[in-house]
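Asks: Shown below is the structure under consideration.
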Amino acid sequence: MRSKFEKFTLIACGAICGVLISLNLPVFADKAEKNNLPIDELRTFAEVFGKIKSDYVEPVEDKKLINEALNGMLTGLDPHSSFLNTEDFKELNQATQGEFGGLGIEVGMEDGFVKVISPIEDSPAYKAGLKSGDLIMKLDDTSTKGLTLNDSVKKMRGKPGTNIVLTVLRKGETKPLTFNLARAIIKSQSVKGKLVESNYAYVRVAQFQEHTGEDLAKFLKNLRQQNKAPLKGILLDLRNNPGGLLNAAVGVSAAFLPKGDLVVYTEGRAPDSKMNLTAVPGDYLKGGGKDDYLKDFPEDIRTTPMAVLVNNGSASASEIVAGALQDHKRALIVGMQSFGKGSVQSILPMNNGTAIKMTTARYFTPKGRSIQAKGIVPDIIVDDGSDPTFMTKEADLTNHLSNPKDADANAAPKDKDSKPLAPPVKKPEDDKKKTSDAPSGPIEPGSKADKQFQEAMNILKGLQIIQNK
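Residues in the sequence shown are numbered from 9 upward in steps of one, following the working numbering.
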C-alpha cells in the first residue's frame with residue numbers, strides 16, 4: 009500500500025513539475041537554489057491532491073483542482089495577479105479593445121468580498137450609482153464570501169438584457185443597498201469632451217484602451233479646429249479612470265510632452281520588465297507598421313496651459329499620465345489623492361489557450377517616484393464631497409505590494425506658496441441623517457453640477473492669467 013502511495017506521489021510530483029515547466033515560471037528561491045525544485049513542498053501538494061481525490065465529499069475533476077491551485081498560487085501574491093482560463097483570456101482581450109459584456113465595474117478583493125475600484129463610465133453599474141469602495145456582499149442569492157475574484161466576475165457577466173441583483177455594503181450607510189442591474193454589451197468610449205467655452209477644451213479619458221491615444225489626438229485636433237484659434241487652456245479629466253494599457257498611457261502623455269521626454273520607467277526581476285518609456289512613436293504604438301497618430305499633431309497644444317483632474321478612483325495608467333505631467337511641470341494636478349496602483353501586470357499566454365495575469369514590475373514617474381500604495385498627491389486639493397475616511401485605496405487591499413520608496417521621497421512637489429484645501433470635517437449631525445435605500449445617480453462629469461470640474465476650470469483660467477503676466 010505504501011509503495012503505491014509513493015508511486016502516486018512521484019507521478020503527481022512529475023505532473024506538477026511538468027505544469028511548472030510548461031508555465032515557464034521561475035522557482036521562487038535563492039539564486040544558489042534557482043535550478044532546484046522544492047521537492048518537500050511538491051510532495052505535500054501531491055499528498056493534498058491525493059486526499060482530495062480519495063476523500064472529498066464529492067468527486068472533483070483533475071482539471072478543476074489544478075486550475076484552482078494555479079489561481080490560488082497567483083491570487084495569493086497580490087490583488088492584481090490571477091489565472092485566466094480560455095474564456096477569461098478571451099474576455100480580457102475584448103475589454104482592452106473597447107467592447108465586452110457585463111456590468112462595467114473594475115473590481116478587486118478585500119476581506120473575502122468583491123470591492124468596487126471604479127465603475128466604468130456609461131456602464132449599467134455607473135448609471136445605477138455604484139461607487140468606488142462599495143463592497144459587494146451578494147450576487148443575486150449567492151454570497152461573494154469565499155468566491156474567487158474570477159468566479160464573482162463570471163457571475164456578474166452574462167447574456168445582455170438579463171438582470172442581476174447586487175447587495176452592496178457602503179461605508180456611511182446604516183444598512184446594505186440593493187442594485188437591480190441589467191447586463192449589457194459594454195461599448196466603452198474612452199475619450200469624450202467639448203469646448204467648455206471659447207478657447208477652453210475639456211477632455212475626459214474614461215479608460216486606457218487600444219485606440220485611446222489615437223482617439224485623444226483626433227479629438228483634440230477637432231476641438232482646436234472648432235475653436236478656430238490656438239486653445240488657451242486644456243482640462244484633462246482622469247477621475248474614476250481605472251487604468252488599462254500601458255502604451256495607451258504613454259501615447260496620451262506624448263500628446264502633451266515634448267518628443268523624447270521620459271513618461272515612465274519600470275523595474276522588475278525579469279530583464280524584459282525593465283523599461284524606459286518615452287514620448288516617441290516606438291513606445292506608444294502597439295505593433296509595427298502603424299502610422300504615428302501624433303505626426304501632424306498641433307505643436308501649440310504641447311505648450312497650452314493645462315490642468316489634470318484626479319480622484320480616489322484614478323488608478324494605474326491614469327496615475328502614470330498624471331505623474332509624468334506633474335514631474336515635467338507640464339500640468340497642474342487638481343482634485344483628490346489617487347488610488348495608488350503602481351504595479352505593472354503582464355499577460356502571459358500559455359500553450360493551452362489559458363494565460364496568467366502576473367505583476368512583473370513596479371513603475372516610477374520620471375523623477376523616480378513610486379506611486380505604489382501612495383498615489384498621486386494633487387498640487388491643489390479640491391474636495392469632491394466624499395469623506396476621505398471611507399475612500400478605498402491600494403494600500404487598503406489585502407497582500408498589496410509595498411512602496412519601495414520612503415514616504416518623504418514619494419511626496420509630490422508643491423509650490424511653497426500654495427496650500428492644499430483641508431479635507432472635509434465630519435459634523436456630528438451627519439451621523440443622524442437618515443439614509444435611503446435608493447442610491448443617488450452619478451453626477452455627469454463636466455456638467456454644472458460637477459463642482460470639482462467647475463473649480464478646476466477656475467484654476468485653469470488662473471494659469472492662463474499667470475502665463476500672460
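No residue lacks a Cβ here, since even glycine has one placed at the ideal position from N, Cα and C.
Because the structure is a prediction, the values reported are computed rather than measured.
1) Checking the sheet assignment: what are the DSSP bridge partners for M366?
2) Taking 8 Å as the cut-off, decide whether the C-beta atoms of I242 and V288 are in contact.
3) Can you give the beta carbon distance from I388 to Q334, rounded, assuming they're within the 8 Å contact cut?
4) What does DSSP give as the partner residue(s) for K202 in the beta ladder?
5) Closest to I144 by CA distance: which of K59, V173, I474 and M314 is it?
6) Please name the residue, chosen from D70, D391 and A77, that lies closest to T156 on a Cα-to-Cα basis.
7) Is M314 helix, strand or coil when you go by DSSP?
8) If you drop the 5 nearest sequence neighbours on each side, which residues of the same chain put their C-beta closer than 8 Å to that of G169?
9) By alpha-carbon positions, which one of A209, V213 and F347 ends up nearest to K200?
10) Considering only C-alpha positions, which residue in the set T311, K382, M366 and L409 is nearest to M81?
11) What are the complete alpha helix (DSSP H) segments, minimum 4 residues, inside the region 131 to 179?
12) Which one or two residues does DSSP pair with I389 in a beta bridge?
13) Return the residue from the list S324, D280, L270 and D391 that minimises the CA-CA distance to K375.
14) By DSSP, does E463 sit in helix, in strand, or in coil?
15) From the beta carbon of G169, is the nearest beta carbon of chain C less than 8 Å away?
16) Within 10 Å of its beta-carbon, does A330 have 16 or more other beta-carbons around it, so buried, or fewer, so exposed?
17) In or out: E41 buried (at least 16 other Cβ within 10 Å) or exposed?
18) Please return the same chain residues whose Cβ sits closer than 6 Å to the Cβ of T83, not counting the five positions on each side in sequence.
19) Please confirm if the region 313 to 323 is in contact with the region 343 to 350, defined as three or more CB-CB distances below 8 Å between the two stretches.
20) Can you tell me the Cβ-Cβ gap for T368 and G276, rounded? I've got them flagged as a contact below 8 Å.
21) Between D458 and the rest of its own chain, which residues show a CB-CB distance below 6 Å, the 5 nearest in sequence each way excluded?
22) Is there contact between the region 297 to 308 and the region 213 to 233, where contact requires at least three CB pairs shorter than 8 Å?
23) Restricting to Cα atoms, I'd like to know which of P386, F372 and D392 is closest to R411.
24) I need the straight-line Cα distance from T311 to K72, nearest angstrom please.
25) Among V204, K139 and Y64, which one has its Cα closest to the Cα of N466?
26) Pull up the distance between the alpha-carbon of D149 and that of F53, whole angstroms please.
27) By how many angstroms is the C-alpha of A464 removed from the C-alpha of T182?
28) Under 6 Å Cβ to Cβ from I328, same chain only, skipping five residues before and after it: list those, please.
Replies: Considering the structure as presented:
1) Taking the first residue of the sequence shown as position 1, residue 366 is located at position 358. Beta-bridge pairing by DSSP links M366 to S354.
2) Taking the sequence shown and counting its residues from 1, one reaches residue 242 at position 234. Taking the sequence shown and counting its residues from 1, one reaches residue 288 at position 280. No, these two residues do not count as a Cβ contact at 8 Å.
3) Residue 388 sits at position 380 when you count from the first residue of the sequence shown. Residue 334 sits at position 326 when you count from the first residue of the sequence shown. Contact flag wrong, Cβ pair sits at about 12 Å.
4) Your numbering for residue 202 matches position 194 in the sequence shown. Paired residues: Y210.
5) By one-based count along the sequence shown, residue 144 stands at place 136. Minimum Cα-Cα distance from I144 among the listed residues K59, V173, I474 and M314 corresponds to V173.
6) Numbered from 1 along the sequence shown, position 148 holds the residue referred to as residue 156. Nearest neighbour of T156 by Cα position, chosen from D70, D391 and A77, turns out to be A77.
7) Numbered from 1 along the sequence shown, position 306 holds the residue referred to as residue 314. Note: M314 maps to strand in three-state DSSP.
8) As a working mapping, residue 169 is identified with position 161 in the sequence shown. Taking C-beta separations shorter than 8 Å and ignoring five residues to either side along the sequence, the partners of G169 in its chain run A190, R191 and A192, following chain order.
9) As a working mapping, residue 200 is identified with position 192 in the sequence shown. Comparing Cα-Cα distances from K200 to each of A209, V213 and F347, the minimum goes to V213.
10) Position 73 of the sequence shown, counted from the start, is the residue given in the question as residue 81. Restricting attention to T311, K382, M366 and L409, the CA atom closest to the CA of M81 is found in M366.
11) Counting only runs of 4 or more, we get 132 to 136 and 157 to 164.
12) For the purposes of this step, residue 389 is identified with residue 381 of the sequence shown, where counting begins at 1. Paired residue(s): G343.
13) The residue labelled residue 375 in the question sits at position 367 within the sequence shown. The shortest C-alpha separation from K375 is found at L270.
14) Your numbering for residue 463 matches position 455 in the sequence shown. Looking at E463 - three-state DSSP - the assignment turns out to be helix.
15) Looking for chain C here will not work: only one protein chain is present.
16) Against the sequence shown, residue 330 aligns to sequence position 322. Classification of A330: buried, given that the 10 Å Cβ count is 16 or more.
17) Reading the sequence shown from its first residue, position 33 is the one you call residue 41. Confidence at E41 is low in this model, with a pLDDT of 48, below 50, so the placement of that residue should be treated as unreliable; the coordinate-derived value is given next. E41 comes out exposed.
18) Along the sequence shown, one-based indexing puts residue 83 at 75. These residues qualify, in order along the chain: S90.
19) Yes, they touch.
20) One-based indexing of the sequence shown puts residue 368 at position 360. One-based indexing of the sequence shown puts residue 276 at position 268. The beta-carbon distance between T368 and G276, rounded to whole angstroms, is 5 Å. This is short enough to meet the 8 Å contact definition.
21) Numbered from its first residue, the sequence shown carries residue 458 at position 450. Counting only residues of its own chain and dropping the five nearest sequence neighbours on each side, D458 has a CB closer than 6 Å to the CB of I451.
22) Contact between the region 297 to 308 and the region 213 to 233 is present, because at least three Cβ pairs lie under 8 Å.
23) Sequence index remark: in the sequence shown, residue 411 carries index 403 (1-based). For clarity, residue 411 is Asn in the given sequence; the question names Arg instead. When only C-alpha atoms are compared, the closest one is F372.
24) One-based indexing of the sequence shown puts residue 311 at position 303. One-based indexing of the sequence shown puts residue 72 at position 64. Taking the straight line joining both Cα atoms gives about 56 Å.
25) Locating residue 466 in the sequence shown gives position 458, where the first residue counts as 1. For N466, the nearest C-alpha among the options comes from V204.
26) Counting from one through the sequence shown, the residue named residue 149 turns up at place 141. Counting from one through the sequence shown, the residue named residue 53 turns up at place 45. Between D149 and F53, the C-alpha separation is close to 34 Å.
27) Taking the sequence shown and counting its residues from 1, the one referred to as residue 182 is at position 174. Taking the sequence shown and counting its residues from 1, the one referred to as residue 464 is at position 456. Using only the alpha carbons, I get a separation of about 33 Å.
28) Within the sequence shown, numbered from 1, the residue matching residue 328 stands at position 320. Apart from the 5 residues on each side of it in sequence, I328 sits with its Cβ closer than 6 Å to the Cβ of A257 and V272 in its chain, given in chain order.
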